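Chemist:
There are 2 protein chains.
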Amino acid sequence: MQPTIDPTLQKTDYTDALNQVIDDFLARQKVKAQVMSPDYQEIWEELERLIHAGGKRLRPRMSILAYRAFGGQDVPSMLPAAAAQELLHVAMLIHDDIIDRDYIRYGVDNIAGSYNKLYSELVTDDAERLHYAQGAAILAGDLLLSGSYLLMAESMVPAEKIIAIQKLLGQAVFEVVGGELLDTETAFRGMNAVSAETVARYKTASYTFILPLLVGARLTDLPSEDLSSVAEFGKNLGIAFQLRDDIIGVFGDEAATGKSTTGDIREGKRTYMVEQFFALATPDQKAMFKQYFGGASITNEQVDTVRKLLVASGALAATEEAVSFYESMARNALETLSIEPDCVDELESLITVATRRTA
Amino acid sequence: MQPTIDPTLQKTDYTDALNQVIDDFLARQKVKAQVMSPDYQEIWEELERLIHAGGKRLRPRMSILAYRAFGGQDVPSMLPAAAAQELLHVAMLIHDDIIDRDYIRYGVDNIAGSYNKLYSELVTDDAERLHYAQGAAILAGDLLLSGSYLLMAESMVPAEKIIAIQKLLGQAVFEVVGGELLDTETAFRGMNAVSAETVARYKTASYTFILPLLVGARLTDLPSEDLSSVAEFGKNLGIAFQLRDDIIGVFGDEAATGKSTTGDIREGKRTYMVEQFFALATPDQKAMFKQYFGGASITNEQVDTVRKLLVASGALAATEEAVSFYESMARNALETLSIEPDCVDELESLITVATRRTA
Numbered sequence: 031m032q033p034t035i036d037p038t039l040q041k042t043d044y045t046d047a048l049n050q051v052i053d054d055f056l057a058r059q060k061v062k063a064q065v066m067s068p069d070y071q072e073i074w075e076e077l078e079r080l081i082h083a084g085g086k087r088l089r090p091r092m093s094i095l096a097y098r099a100f101g102g103q104d105v106p107s108m109l110p111a112a113a114a115q116e117l118l119h120v121a122m123l124i125h126d127d128i129i130d131r132d133y134i135r136y137g138v139d140n141i142a143g144s145y146n147k148l149y150s151e152l153v154t155d156d157a158e159r160l161h162y163a164q165g166a167a168i169l170a171g172d173l174l175l176s177g178s179y180l181l182m183a184e185s186m187v188p189a190e191k192i193i194a195i196q197k198l199l200g201q202a203v204f205e206v207v208g209g210e211l212l213d214t215e216t217a218f219r220g221m222n223a224v225s226a227e228t229v230a231r232y233k234t235a236s237y238t239f240i241l242p243l244l245v246g247a248r249l250t251d252l253p254s255e256d257l258s259s260v261a262e263f264g265k266n267l268g269i270a271f272q273l274r275d276d277i278i279g280v281f282g283d284e285a286a287t288g289k290s291t292t293g294d295i296r297e298g299k300r301t302y303m304v305e306q307f308f309a310l311a312t313p314d315q316k317a318m319f320k321q322y323f324g325g326a327s328i329t330n331e332q333v334d335t336v337r338k339l340l341v342a343s344g345a346l347a348a349t350e351e352a353v354s355f356y357e358s359m360a361r362n363a364l365e366t367l368s369i370e371p372d373c374v375d376e377l378e379s380l381i382t383v384a385t386r387r388t389a
Numbered sequence: 031m032q033p034t035i036d037p038t039l040q041k042t043d044y045t046d047a048l049n050q051v052i053d054d055f056l057a058r059q060k061v062k063a064q065v066m067s068p069d070y071q072e073i074w075e076e077l078e079r080l081i082h083a084g085g086k087r088l089r090p091r092m093s094i095l096a097y098r099a100f101g102g103q104d105v106p107s108m109l110p111a112a113a114a115q116e117l118l119h120v121a122m123l124i125h126d127d128i129i130d131r132d133y134i135r136y137g138v139d140n141i142a143g144s145y146n147k148l149y150s151e152l153v154t155d156d157a158e159r160l161h162y163a164q165g166a167a168i169l170a171g172d173l174l175l176s177g178s179y180l181l182m183a184e185s186m187v188p189a190e191k192i193i194a195i196q197k198l199l200g201q202a203v204f205e206v207v208g209g210e211l212l213d214t215e216t217a218f219r220g221m222n223a224v225s226a227e228t229v230a231r232y233k234t235a236s237y238t239f240i241l242p243l244l245v246g247a248r249l250t251d252l253p254s255e256d257l258s259s260v261a262e263f264g265k266n267l268g269i270a271f272q273l274r275d276d277i278i279g280v281f282g283d284e285a286a287t288g289k290s291t292t293g294d295i296r297e298g299k300r301t302y303m304v305e306q307f308f309a310l311a312t313p314d315q316k317a318m319f320k321q322y323f324g325g326a327s328i329t330n331e332q333v334d335t336v337r338k339l340l341v342a343s344g345a346l347a348a349t350e351e352a353v354s355f356y357e358s359m360a361r362n363a364l365e366t367l368s369i370e371p372d373c374v375d376e377l378e379s380l381i382t383v384a385t386r387r388t389a
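Line by line, the protein sequences are chains S and D.
For my numbering, count along the first sequence from 1 and bump the result up by 30.
For my numbering, count along the second sequence from 1 and bump the result up by 30.
(1) Quick check: I52/S and A111/S, are their CB atoms within less than 9 Å of each other?
(2) Here's the rule: buried if 16 or more other CB atoms are within 10 angstroms of the residue's CB, otherwise exposed. What is P90/S?
(3) Report the partner residues of V138/S according to the DSSP bridge assignment.
(4) So is G208/S in contact with chain D if we call contact Cβ pairs under 9 Å?
(5) Identify each residue in the region 163 to 187 of chain D for which the Cβ-Cβ distance to at least one residue of chain S is less than 7 Å, and report them in chain order.
(6) Say whether chain D places a C-beta atom closer than 9 Å to the C-beta of I193/S.
(7) Have a look at A230/D and V245/D and give me their C-alpha separation to the nearest angstrom.
(8) Could you check how far apart the C-beta atoms of A235/S and E357/S are, in whole angstroms? I think they sit under 8 Å.
(9) How long is the line joining the alpha carbons of G84/S and G165/S, rounded to whole angstroms?
(10) Thinking just about the alpha-carbon of each residue, which of M108/S, A163/S, I278/S and N140/S is nearest to the one in A184/S?
(11) Using a Cβ-Cβ cut-off of 6 Å (strictly less than) and excluding sequence neighbours within five positions of M31/S, which residues of its own chain qualify?
(12) Less than 9 Å separating the beta-carbons of Q306/D and G268/D?
(13) Which runs of the alpha helix (DSSP H) spanning at least 4 residues fall entirely within the region 181 to 252 of chain D, listed in chain order?
(14) Taking 9 Å as the cut-off, decide whether the C-beta atoms of D275/S and A226/S are in contact.
(15) Examine the Cβ distances between the region 247 to 255 of chain S and the region 182 to 200 of chain S and report whether three or more of them are shorter than 8 Å.
(16) So K299/D is in the alpha helix (DSSP H); what residue range does that whole segment cover?
(17) Could you check what DSSP says for F55/D in three-state terms: helix, strand or coil?
(18) With 16 other CB atoms within 10 Å as the buried threshold, where does I81/D fall?
(19) Determine which residues of the region 66 to 91 of chain D have a Cβ less than 7 Å from any Cβ of chain S, and write them out in chain order.
(20) Consult DSSP for E284/D and reduce its assignment to one of helix, strand or coil.
(21) Alpha carbon to alpha carbon, what distance is there between P68/S and F263/S?
(22) Could you check the C-alpha separation between T154/S and R296/S for me, to the nearest Å?
(23) With F355/S as the anchor, note down where its alpha helix (DSSP H) starts and where it stops.
(24) Exposed or buried, what is D314/D when buried is set at 16 or more other beta-carbons lying within 10 Å of its beta-carbon?
(25) Assign S258/D to one of two classes, buried (16 or more other C-beta atoms within 10 Å of its C-beta) or exposed (fewer than that).
(26) Between T329/S, M303/S, A326/S and V336/S, which lies nearest to A317/S when the distance is taken from Cα to Cα?
(27) If we count the other Cβ atoms within 10 Å of its Cβ and call it buried at 16 or more, is M221/D buried or exposed?
(28) Please tell me whether I129/D has its Cβ less than 9 Å away from any Cβ of chain S.
(29) What in chain S is Cβ-close to H119/D, meaning under 7 Å?
(30) Just to make sure I have the definition right: I need the residues of chain D whose C-beta is within less than 9 Å of the C-beta of G200/S. Which are they?
(31) When burial is assigned at 16 or more other CB atoms within 10 Å of the CB, is R58/D buried or exposed?
(32) Run down chain S in chain order and give the residues with a C-beta less than 9 Å from the C-beta of T214/D.
(33) Please check if any C-beta of chain S sits within less than 9 Å of the C-beta of F204/D.
(34) Is the Cβ-Cβ distance between L117/D and V260/D less than 9 Å?
(35) Which one of V207/D, A121/D, V105/D and M186/D has the shortest CA to CA distance from L169/D?
(36) So with CB distances below 9 Å, who are the chain D contacts of T228/S?
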């Protein structure tokens, strides 16, 4: 569900240290699970396998960047707080994949996918086996969601600060779950029920940008009015990121992204750009669009016709404009903040990667 | 999934105050959700409806009892910590119900059940609609699981204590999720994969007894060796409670329990008593048992034959013996602890209700 970006966010790369924190957490859970039953240990091994299979630790790394940028001096103390967000992220992916009926993640089986194989000799009926595999995935997501609060609590910071960042985590869960519900429901409530910007704000910006940035910032001595600016920065950057992602999903370079750029059109993905199309297009353009958009078996030429309609209607341009708007809003928020000199370039690179990338 | 008991746990009844804390939490979430979308507010209204429909707040009340029994003086300060466990409980029920394909809880629609109705005009295909309804239920459970950590953090106790009880919460989630996975898997891994006592320990004792008692105790000044005794008390009481529940599920008085006492036999529920049967019965008894046990459409006479086999084999007596064993282990653990005089009777009543009730 979540788009990924690969920024070289930081000169000082804490990815290994973050992975160490995550691995250590998982190793401890596996030992505890083994005491209960090897069959329980199994689910932790599957979680470990999935987490090792992918994920650029974008959110944890963004937390570290924010922490450093706003004056934080003791990165090791906050690594658990940063890493906890990867657990939340994977929890949400696992549960979203159940809802989206996806069984592959990071190019490997997700939890439902692997349990479907694991149960293959135990449950012969396909539908029944899939049901139990999804059940295991529900439980696996619960474990990581709960784990994210626990890992956050292992940060070497005063207990009051732990509570404060847990509240941020809770707010992000509240928002991303709401965003996921609203996004799922657009499949049958229709596009008018909720705007794509709202979904981008809550499903993407909340826990992919606002939470990581705020967690990092909250662990420094930043005053609360500055924290609001950090949230504002994250919100606008996150929306810009999502809109850029929607553009890449249709107009991106497949060779560069490694992802299909016909899939979004064939599945009829409802994005801000599509909303703009329906606001701007002529009746003829709309008629032709509806003929192809969302058609699972349309030809590549027909996909291309949809692309041309998005350009001709002005929907692409309007979306580019919105990206620029949100980018400038993000920059405005950031300008009110004082940034550590050695982090200025990294923040700039974050903004560029989030809003202007082409792949 | 979880059995319920109706002890008059406490002379001083904090149920209204607990409900107030829960209602206040839900009301705040509803307001925040409304800002995002009425469609998001809806899921919080469904959660409110479900939580109002039932639940005796057993776990929160047990927390309060433990707190008072071990010298806690300021019940209002810990009400959020107590109430948080009800959120966890309902979160687990919602997710378990998806796995068990149950759509009724507390005699009303659960979240999947109510969303299946809510989506009735939006999604015409039955299987598709049920899938989306289960998706909403996954998300609803996530909200309450996350909410339980947040509500706990609202306790008016030092931040260090909040972190300590959150770790207890996390341990309980770890155990109950593991218990649920193992219990679910017995349907196809068979009874030998994990013992019914292990499932009772992790699925029932962990978050229905150990967590509530430990949360209450941890918020007093009880030294850590005493906390181990509290955990030991909760573990043994919880297992005794589950074994008693299994007995009632087969031999209980339907009029008194208000629940079917043929259901467990017709669905072939694997319990400690059934394990004992297979350990103790003669080949002939086993052959007859297998003929009826788990038969969805067996007659009441055949159900009665199964009951008689459980008695004749000695399985019922062995289970009664196990209940007594765990009860005495619980009492032994409790005896090492110093109890506030005005709580002695209530703890005694808790033990009696948990282990010796007939309905």
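For each residue, glycine too, the CB sits at the ideal point set by N, CA and C.
Because the structure is a prediction, the values reported are computed rather than measured.
Modeler: On the basis of the supplied data:
(1) The count along the first sequence starts at 1 and reaches residue 52/S at position 22. The count along the first sequence starts at 1 and reaches residue 111/S at position 81. Not a contact, by the Cβ cut-off of 9 Å.
(2) By 1-based counting over the first sequence, the position of residue 90/S is 60. Taking all protein chains shown into account, P90/S has 16 or more neighbouring C-beta atoms within 10 Å of its C-beta and is therefore buried.
(3) Reading the first sequence from its first residue, position 108 is the one you call residue 138/S. Answer is R135/S, bridged to V138/S.
(4) Within the first sequence, residue 208/S is the residue found at index 178, counting from 1. True, the Cβ-Cβ gap to chain D drops below 9 Å.
(5) For the region 163 to 187 of chain D, the set of residues with a beta-carbon nearer than 7 Å to any beta-carbon of chain S comprises G165, A166, I168, L169, D172, L173, L175, S176, Y179, L180 and A183, in chain order.
(6) Locating residue 193/S in the first sequence gives position 163, where the first residue counts as 1. Residue-level contact by beta carbon holds for I193/S and chain D, with a gap shorter than 9 Å.
(7) By one-based count along the second sequence, residue 230/D stands at place 200. By one-based count along the second sequence, residue 245/D stands at place 215. The alpha-carbon separation between A230/D and V245/D amounts to approximately 20 Å.
(8) Taking the first sequence and counting its residues from 1, one reaches residue 235/S at position 205. Taking the first sequence and counting its residues from 1, one reaches residue 357/S at position 327. That pair is no contact at about 13 Å.
(9) Translated into the one-based positions of the first sequence, residue 84/S becomes position 54. Translated into the one-based positions of the first sequence, residue 165/S becomes position 135. Between G84/S and G165/S, the C-alpha separation is close to 23 Å.
(10) By one-based count along the first sequence, residue 184/S stands at place 154. Looking at the sequence itself, residue 184/S is Glu, so the reference to Ala does not match. If we check each option's Cα against that of E184/S, M108/S comes out closest.
(11) What you label residue 31/S is simply residue 1 of the first sequence in a count that begins at 1. For M31/S, the predicted model reports a pLDDT of 39, less than 50, meaning its position is unreliable; a value from the coordinates is still stated below. Counting only Cβ-Cβ distances below 6 Å, and skipping sequence neighbours, we find D126.
(12) Locating residue 306/D in the second sequence gives position 276, where the first residue counts as 1. Locating residue 268/D in the second sequence gives position 238, where the first residue counts as 1. Cβ atoms of Q306/D and G268/D: not closer than 9 Å.
(13) Those alpha helix (DSSP H) runs which fall completely within the region 181 to 252 of chain D and span 4+ residues are 189 to 219, 226 to 229 and 241 to 248.
(14) Within the first sequence, numbered from 1, the residue matching residue 275/S stands at position 245. Within the first sequence, numbered from 1, the residue matching residue 226/S stands at position 196. No; because the gap between Cβ atoms is not below 9 Å, this pair is not in contact.
(15) They touch, by the three-pair rule.
(16) Indexing the second sequence from 1 puts residue 299/D at position 269. Note, K299/D: premise wrong, no alpha helix (DSSP H); not H, not E.
(17) Sequence index remark: in the second sequence, residue 55/D carries index 25 (1-based). Here DSSP, grouped into helix, strand and coil, assigns F55/D to helix.
(18) Stepping through the second sequence from its first residue, residue 81/D is reached at position 51. Buried.
(19) Listed in sequence order: M66, S67, D69, Y70 and I73.
(20) The sequence position of residue 284/D within the second sequence is 254, counting from 1. Residue state, collapsed to three classes: helix.
(21) One-based indexing of the first sequence puts residue 263/S at position 233. One-based indexing of the first sequence puts residue 68/S at position 38. The alpha-carbon atoms of F263/S and P68/S are separated by roughly 46 Å.
(22) Here the question's residue 154/S lines up with position 124 in the first sequence. Here the question's residue 296/S lines up with position 266 in the first sequence. Spanning the two alpha carbons is a distance of roughly 33 Å.
(23) By one-based count along the first sequence, residue 355/S stands at place 325. It spans A345 to E365 - the alpha helix (DSSP H) in which F355/S sits, taken as one unbroken run.
(24) The residue labelled residue 314/D in the question sits at position 284 within the second sequence. Classification for D314/D: exposed.
(25) Residue numbering aside, residue 258/D sits at position 228 when the second sequence is read from its first letter. Counting Cβ neighbours within 10 Å, S258/D comes out exposed, since fewer than 16 surround it.
(26) Along the first sequence, read from residue 1 onward, the residue named residue 317/S stands at position 287. Proximity to A317/S across T329/S, M303/S, A326/S and V336/S peaks at V336/S, based on C-alpha coordinates.
(27) Residue 221/D sits at position 191 when you count from the first residue of the second sequence. When all chains shown are included, M221/D counts as exposed.
(28) To locate residue 129/D, count along the second sequence from 1; it is residue 99. True, the Cβ-Cβ gap to chain S drops below 9 Å.
(29) For the purposes of this step, residue 119/D is identified with residue 89 of the second sequence, where counting begins at 1. Those within 7 Å of H119/D in chain S number zero; the least Cβ separation is about 13 Å.
(30) Here the question's residue 200/S lines up with position 170 in the first sequence. Under the 9 Å cutoff, chain D gives S176, G177, Y179, L180 and A183.
(31) For this step, residue 58/D is matched to residue 28 along the second sequence. Exposed, since its Cβ has fewer than 16 Cβ neighbours within 10 Å.
(32) Stepping through the second sequence from its first residue, residue 214/D is reached at position 184. Correct list: Y162, G165, A166 and L169.
(33) Position 174 of the second sequence, counting from 1, holds the residue named residue 204/D. Proximity of F204/D to chain S, defined by a Cβ-Cβ separation below 9 Å, is satisfied.
(34) Position 87 of the second sequence, counted from the first residue, corresponds to residue 117/D. Position 230 of the second sequence, counted from the first residue, corresponds to residue 260/D. No, Cβ-Cβ distance for L117/D and V260/D is not below 9 Å.
(35) Within the second sequence, residue 169/D is the residue found at index 139, counting from 1. When each option's Cα is compared against that of L169/D, the closest is A121/D.
(36) Working through the first sequence from its first residue, we reach residue 228/S at position 198. Below the 9 Å Cβ cutoff, chain D contributes M66 and S67 as neighbours of T228/S, in chain order.
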